[in-house]
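For reference, the structure is listed below as structure tokens.
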């Protein structure tokens, strides 16, 4: 009987539902992370974690999202990521001066 109750509780879904407020907070945090990366030209999970005062898992999610969206590259053999966002922002300016 205890086992069935545990299974029913597990099937009930997540205890914390990420609603609209959580999504808005996440977007604001993501925008802040992008600003930090562009400004400091550094991107690592621990760096984002320290700068934004957030947990490791949330910082890792933000960095993964930046990678998926093409703002930063994949980590190299020592874990450093190339910052791609600044290049894209400045590329048209260089083309105009050529």
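In the working numbering, the protein residues as written are 5 to 102. Glycine included, every Cβ here is placed at the ideal spot set by N, Cα and C.
When the Cα atoms are used, what is the spatial distance from residue 40 to residue 61?
If I take the Cα positions, the gap works out to 18 Å.
Would residue 52 and residue 67 qualify as a contact pair, given that the criterion is a beta-carbon distance under 9 Å?
yes
Rounded straight-line distance, which links the Cα of residue 57 to that of residue 72
Rounded to whole angstroms, residue 72 to residue 57 spans 23 Å at the Cα level.
Rounded to whole angstroms, what's the CA-CA distance from residue 54 to residue 32? Just pull it up for me.
Taking the Cα positions, residue 54 is about 17 Å away from residue 32.
Residue 82, DSSP secondary structure in three states
coil
Going by CA-CA distance only, name the one from 75, 82, 81 and 64 that's closest to residue 43.
Cα-wise, what sits closest to residue 43 is 75.
Tell me which same chain residues have a C-beta within less than 7 Å of the C-beta of residue 34, skipping the five on either side of it?
66 and 69
Cβ-based burial, residue 78 [other Cβ within 10 Å; buried from 16]
By the Cβ-count criterion, residue 78 is exposed, with fewer than 16 other Cβ atoms from all chains shown falling within 10 Å of its own Cβ.
Can you give me the C-alpha to C-alpha distance between residue 47 and residue 82, rounded to a whole angstrom?
13 Å
For residue 59, collect the residues of the same chain with a Cβ closer than 8 Å to its Cβ; drop the 5 residues on either side in sequence, then sort them by chain order.
53
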